[in-house]
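**Q** Chains as they are written, first to last, in my numbering: chain A, 1168 to 1282; chain B, -9 to 101.
Sharing a structure here in structure tokens format.
Rendered as structure tokens:
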């Protein structure tokens, strides 16, 4: 029971390069989310997806692209990485059950450094 | 935009002392969730409150949702070193499926 996994766990890249962070969940949860975590800002929502082929912007979407062709995968791409995108990125998923929302399950995170 | 603030940002306590973190939203929430993140780890769900004025307890932890559904609190009685971490509140504003996270309170417990 792998749950929700992220890869890579650590990544160092250079300004201007394209980087893709992977997220995979084994539960067939409807919703998936991408957050970035920076000191003093808590968790900020980048993009989320309610189902396959449905995505929507969060609080800080600029510079990021997502896709969701399959329910279990939700990759996040930085098209041209900038230093301000150095952060820890968390993927999360949630089952949409009758009666509303329930807990989000988080992946272990990807620590990205942009030089 | 919608904001959820938490105070204090940091709290250092002696083991055995009580601890409280407060969460305030700029908009009415349909629910409030609390998460704990250990240093170097990922956020882990603790509890969800949905009713106005609701109070829930988990052993030494007491969670409260305000009457106006715009604020919440987490109180830990007699802290232990295992309580160390950052506590986040998070809520769904009405008519949205986004979960807005608070800024977090980092708790340090000294033995």
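The C-beta atom is built at its ideal place from N, Cα and C for all residues, glycine as well.
Please read these numbers as outputs of a predicted model, since none were measured by experiment.
1) Using a Cβ cut-off of 9 Å, which residues of the region 1212 to 1240 of chain A contact any Cβ in chain B, in chain order?
2) For residue 1213(A), which beta-bridge partners are listed by DSSP?
3) Any Cβ of chain A within less than 9 Å of the Cβ of residue 12(B)?
4) Which one of 10(B), 72(B), -4(B) and 5(B) has the shortest CA to CA distance from residue 53(B)?
5) Could you name the residues of the same chain whose beta carbon sits closer than 6 Å to that of residue 1247(A), not counting the 5 residues immediately before and after it, in chain order?
6) Is residue 1(B) near residue 97(B), with beta carbons less than 9 Å apart?
7) What three-state label does DSSP hand residue 1251(A) in the structure shown?
8) In angstroms, rounded to a whole number, what distance separates the CA positions of residue 38(B) and residue 1271(A)?
9) Which of the three DSSP states is assigned to residue 1220(A) in this structure?
10) Residue 96(B) lies in the beta strand (DSSP E); which residues open and close that run?
11) Please classify residue 1177(A) as buried or exposed, where buried requires at least 16 other C-beta atoms within 10 Å of its C-beta.
12) Tell me whether residue 1203(A) is buried or exposed, calling it buried when 16 or more other Cβ atoms sit within 10 Å of its Cβ.
13) Tell me whether residue 10(B) sits in a helix, a strand or coil according to DSSP, three-state version.
14) Does DSSP put residue 72(B) in a helix, in a strand, or in coil?
**A** Taking the definition as stated:
1) 1212, 1215, 1217, 1223, 1225 and 1226
2) Along the first chain, one-based indexing puts residue 1213(A) at 46. Answer by DSSP bridge pairing: none, since residue 1213(A) is not bridged.
3) Start at 1 with the first residue of the second chain, and residue 12(B) comes out as number 22. It does not; no Cβ of chain A falls within 9 Å.
4) Looking up residue 53(B) in the second chain gives position 63. Comparing Cα-Cα distances from residue 53(B) to each of 10(B), 72(B), -4(B) and 5(B), the minimum goes to 10(B).
5) As a first step, residue 1247(A) is located in the first chain; it is residue number 80 there, counting from the start. Cβ contact annotation for residue 1247(A) (same chain, cutoff 6 Å, sequence separation greater than five): 1183, in chain order.
6) The residue you call residue 1(B) lines up with position 11 of the second chain. The residue you call residue 97(B) lines up with position 107 of the second chain. It is a contact, given that the beta carbons lie within the stated cut-off.
7) Residue 1251(A) sits at position 84 when you count from the first residue of the first chain. In the displayed model, residue 1251(A) falls within a helix according to three-state DSSP.
8) The residue labelled residue 38(B) in the question sits at position 48 within the second chain. The residue labelled residue 1271(A) in the question sits at position 104 within the first chain. Each residue's CA atom was taken as its position, placing residue 38(B) and residue 1271(A) some 11 Å apart.
9) Taking the first chain and counting its residues from 1, the one referred to as residue 1220(A) is at position 53. Three-state result, residue 1220(A): coil.
10) Within the second chain, the letter at position 106 stands for residue 96(B). Run containing residue 96(B): 95 to 100, per the beta strand (DSSP E) assignment.
11) Residue mapping note: residue 1177(A) aligns to position 10 of the first chain, counting from 1. The residue is exposed, with fewer than 16 neighbouring Cβ atoms inside 10 Å.
12) Residue mapping note: residue 1203(A) aligns to position 36 of the first chain, counting from 1. Buried, by the Cβ-count rule.
13) In the second chain, counting from the first residue as 1, residue 10(B) sits at position 20. Residue 10(B) falls in the strand class under three-state DSSP.
14) The residue labelled residue 72(B) in the question sits at position 82 within the second chain. Three-state DSSP puts residue 72(B) in a helix.
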